[in-house]
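The sequence shown stops at residue 467 when you use the numbering used here, and every number in between is there.
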Amino acid sequence: MEVSTALTWQRSMHFQPGVRMKISKSSISRALRRAIAERGMIREEDTAVIFYDLSWLQGRIGELVSLFPAETLHAIAVKANPLVKVLKEIQKSGLGLEAASLPELCLAQKTGVAPDRIVYDSPAKSRKELEYALQAGVHINADSLAELARIDELLKSMPLTGTIGVRINPQVGSGSISMLSVAGEYSKFGVPIKQQREALLSSFLRFDWLKGVHLHVGSQGCELELIMRGIETVYNFALEANRLLEREGKERRITIFDIGGGMPVAYRPDAKIPAMEEYAALLKSRLPGLFDGSFRVITEFGRWLHAHSGWTASRVEYVKRDDKVNTVMIHVGADLLLRRCYRPEEWHHEIAVADRSGRLKRGRERKPFTIAGPLCFAGDIIAREVTLPPVEEGDYILIQDTGAYTLSMWSLYNSRQIPRVLGYYDEGERFELLRERESLAQKVEFWG
Ligand SMILES: Cc1ncc(COP(=O)(O)O)c(C=O)c1O
Numbered sequence: 020m021e022v023s024t025a026l027t028w029q030r031s032m033h034f035q036p037g038v039r040m041k042i043s044k045s046s047i048s049r050a051l052r053r054a055i056a057e058r059g060m061i062r063e064e065d066t067a068v069i070f071y072d073l074s075w076l077q078g079r080i081g082e083l084v085s086l087f088p089a090e091t092l093h094a095i096a097v098k099a100n101p102l103v104k105v106l107k108e109i110q111k112s113g114l115g116l117e118a119a120s121l122p123e124l125c126l127a128q129k130t131g132v133a134p135d136r137i138v139y140d141s142p143a144k145s146r147k148e149l150e151y152a153l154q155a156g157v158h159i160n161a162d163s164l165a166e167l168a169r170i171d172e173l174l175k176s177m178p179l180t181g182t183i184g185v186r187i188n189p190q191v192g193s194g195s196i197s198m199l200s201v202a203g204e205y206s207k208f209g210v211p212i213k214q215q216r217e218a219l220l221s222s223f224l225r226f227d228w229l230k231g232v233h234l235h236v237g238s239q240g241c242e243l244e245l246i247m248r249g250i251e252t253v254y255n256f257a258l259e260a261n262r263l264l265e266r267e268g269k270e271r272r273i274t275i276f277d278i279g280g281g282m283p284v285a286y287r288p289d290a291k292i293p294a295m296e297e298y299a300a301l302l303k304s305r306l307p308g309l310f311d312g313s314f315r316v317i318t319e320f321g322r323w324l325h326a327h328s329g330w331t332a333s334r335v336e337y338v339k340r341d342d343k344v345n346t347v348m349i350h351v352g353a354d355l356l357l358r359r360c361y362r363p364e365e366w367h368h369e370i371a372v373a374d375r376s377g378r379l380k381r382g383r384e385r386k387p388f389t390i391a392g393p394l395c396f397a398g399d400i401i402a403r404e405v406t407l408p409p410v411e412e413g414d415y416i417l418i419q420d421t422g423a424y425t426l427s428m429w430s431l432y433n434s435r436q437i438p439r440v441l442g443y444y445d446e447g448e449r450f451e452l453l454r455e456r457e458s459l460a461q462k463v464e465f466w467g
């Protein structure tokens, strides 16, 4: 554990809890103006560009580290944003990575992060994938009793270099987004605690390599209280299992406690979202054992770290003016904002408009505009009748909070090219190419 790294962060960030909420529209516009002014940064073919504010991300990492004990392993969910250069920023800050598939595990390894700082979760690990992970020495969370049996089988012919835990469904209920809630009575994830408590306890007695518990209540839409109850349920189970191990004269104990991710963020400016400070304080007061070194605590936040760090600028290709609706045609839609377009009642992104130099358009004269993507289906709409200053061809539509579960969910439908991705520091004092725009040839090649 790079305790020193974590402490350096705490000292250097001068973090004020709660201050780093969103990147303001003015800050976005300043960065965009610089990108437009810098030669070759936004080229003619860059009809849309995805930006990541890496200074903001560093501040967010500092906030996270400052709120938990220094030994905590913050394994950031790769699925939220798998860009290797961003993962490297995370790794350099002393954090770990959580992988939900073999390719995500390889992405984590590509950053050079130590194996014991990689957590491998996935509900469908094949034998081959398990072998790979066991050899790599990472922390594996088994998703089922069947997977535990499979690991036991594999360990008969190979050594264990990493650590292993089991995912438990605490069955505490669902949040407001059913698709992302995984701690209800039924979930495809984990071992349900109500039905399988005894089987779980016997697994801890039987498998001398099993040292960890894991849970994840849900992602976005879960109240703090629900998350806390989930953690509490598994915590009580861990204490019970440890008492049992002691009674049975076993030396080993559950020593790894992975509390998952799920901290929500405010996509709407008026959304009431708890601060991470509140999460950490609640956890500490309700489960002090997670703060006193009794367990190696792992977190798996994704959205909370990344969502606000990213925003997207798309050039306005056309404005279709009509008596009733003015439709702005832009270059990203459901390909980038899958959830927003397919489940518009659950997802939201703030929209602003900037002129061709990147200056925010303001003023009293405002009209409703519908912002439509380039894809060939009617639902490819990222905002309906949003009130904006006059929008013209050549302007930029700015979409906020596109840092998590957006590029990582890029849809191939209509085979549009993935835009250029730029990182920047200090509002655009310095830019870094995070990913080049996909070429036409690459896209065509994809389909064979
Ligand atoms: C097991 C697990 N851990 C962590 C995460 C990250 O969740 P979030 O991005 O909401 O923090 C997820 C999200 O789906 C998950 O399934």
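Heads up, the beta-carbon is just placed ideally off N, CA and C, and yes, glycines get one too.
So, helix, strand or coil for residue 442, using DSSP?
In the three-state DSSP reduction, residue 442 falls in the strand class (E or B).
Which one of 43, 124, 238 has the shortest CA to CA distance from residue 365?
Minimum Cα distance to residue 365 is reached at 238.
Limits of the alpha helix (DSSP H) - the one that residue 107 falls within:
Where residue 107 is concerned, the enclosing alpha helix (DSSP H) stretches over 103–111.
Short of 6 Å in beta carbon distance, which residues of its chain neighbour residue 32, apart from the five on each side in sequence? Order them along the chain.
Low per-residue confidence applies at residue 32: pLDDT is 40, beneath 50, and the placement is therefore not dependable enough to give any value.
Consult DSSP for residue 434 and reduce its assignment to one of helix, strand or coil.
The answer is helix: DSSP assigns residue 434 an H, G or I state.
Can you check DSSP and say which residues form a bridge with residue 368?
Within the DSSP bridge table, the entry for residue 368 names no partner.
7 Å CB neighbourhood of residue 132 in its chain, flanking five on each side removed:
If we look at residue 132 and ignore the five residues flanking it on each side, its Cβ neighbours are 110, 115, 116.
Suppose the cutoff is 6 Å on Cβ atoms and the five residues either side in sequence are ignored; what does the same chain contact list for residue 25 look like?
At residue 25, the pLDDT of 40 sits below 50, so the modelled position is not reliable; the number obtained from the coordinates is stated separately. Apart from the 5 residues on each side of it in sequence, residue 25 sits with its Cβ closer than 6 Å to the Cβ of 84, 89, 113 in its chain, given in chain order.
What separation, rounded to the nearest whole angstrom, lies between the Cα atoms of residue 384 and residue 285?
C-alpha of residue 384 to C-alpha of residue 285: approximately 27 Å in a straight line.
Tell me whether residue 337 is buried or exposed, calling it buried when 16 or more other Cβ atoms sit within 10 Å of its Cβ.
That one is exposed.
Whose CB is closer than 6 Å to a heavy atom of ligand 1? List the residues in chain order.
Those residues that bring their Cβ nearer than 6 Å to a heavy atom of ligand 1 are 96, 99, 117, 140, 235, 238, 239, 279, 280, 281, 282, 319, 320, 321, 322, 323.
My parser needs the beta strand (DSSP E) runs of 3 or more residues fully inside the stretch 188–233; what are they?
List check, beta strand (DSSP E) in window: 229–233.
Using DSSP with H/G/I as helix, E/B as strand and the rest coil, what is residue 117?
Strand, per DSSP.
Length of the line joining the Cα atoms of residue 358 and residue 219
Approximately 35 Å between the Cα atoms of the pair.
By how many angstroms is the C-alpha of residue 157 removed from the C-alpha of residue 129?
Looking at the two C-alpha atoms, the distance is approximately 14 Å.
From the DSSP secondary-structure annotation, give me the bridge partner or partners of residue 345.
Beta-bridge pairing links residue 345 to 388.
Can you check whether the CB of residue 273 is closer than 9 Å to the CB of residue 255?
No.
Using C-beta distances below 7 Å, list every residue in its chain close to residue 182, excluding the 5 sequence neighbours before and after it, in chain order.
Here the set comprises 158, 230, 231, 275.
Return helix, strand or coil for residue 75, following the three-state DSSP convention.
Residue 75: helix per DSSP, three-state reduction.
Could you pull the start and end residues of the alpha helix (DSSP H) that residue 170 belongs to?
Judged by DSSP secondary structure, residue 170 falls within the alpha helix (DSSP H) whose first and last residues are 164–173.
Backbone secondary structure at residue 149 - three-state DSSP
Looking at residue 149 - three-state DSSP - the assignment turns out to be helix.
Using a Cβ-Cβ cut-off of 6 Å (strictly less than) and excluding sequence neighbours within five positions of residue 169, which residues of its own chain qualify?
Excluding positions up to five away in sequence, the list is empty.
Whose C-beta lies closer than 8 Å to the C-beta of residue 40 among residues of the same chain, with five residues either side of it excluded?
The answer, listed in chain order, is 285, 327.
Euclidean distance between Cα positions of residue 87 and residue 191
Across the structure, residue 87 and residue 191 are spaced so that their CA atoms are roughly 24 Å apart.
For residue 342, the nearest candidate out of 387, 368, 105, 303 (CA to CA):
The option with the nearest alpha carbon to residue 342 is 387.
Which same chain residues, not among the five before or five after residue 320, have their C-beta less than 6 Å away from its C-beta?
Correct list, in chain order: 280, 282.
For residue 470, the three-state DSSP class (helix, strand or coil):
Any answer about residue 470 is impossible in this case: the structure gives the chain only from 20 up to 467.
Could you tell me whether the Cβ atoms of residue 76 and residue 108 are closer together than 9 Å?
Closer than 9 Å, so yes.
Cβ pair residue 447, residue 53 closer than 9 Å
Yes, they are a contact pair.
Would you say the beta carbon of residue 188 is closer than 8 Å to some non-hydrogen atom of ligand 2?
Absence of ligand 2 from the depicted structure is noted, with ligand 1 being the only ligands included.
Is it buried or exposed, residue 399, if we count other Cβ atoms within 10 angstroms and call 16 or more buried?
Around the CB of residue 399, 16 or more other CB atoms lie within 10 Å, so the residue is classed as buried.
Where residue 261 falls: helix, strand or coil (DSSP):
Residue 261 falls in the helix class under three-state DSSP.
Count Cβ pairs between the stretch 142–154 and the stretch 193–201 that sit closer than 8 Å; are there 3 or more?
Taking 8 Å as the limit for Cβ pairs, the verdict is that the stretch 193–201 does not touch the stretch 142–154.
Cβ shell of residue 263 (< 8 Å), same chain only, five flanking positions each side left out:
Its chain contains 220, 223, 224 as the residues whose beta carbon lies nearer than 8 Å to that of residue 263, once the 5 sequence neighbours on both sides are disregarded; these appear in chain order.
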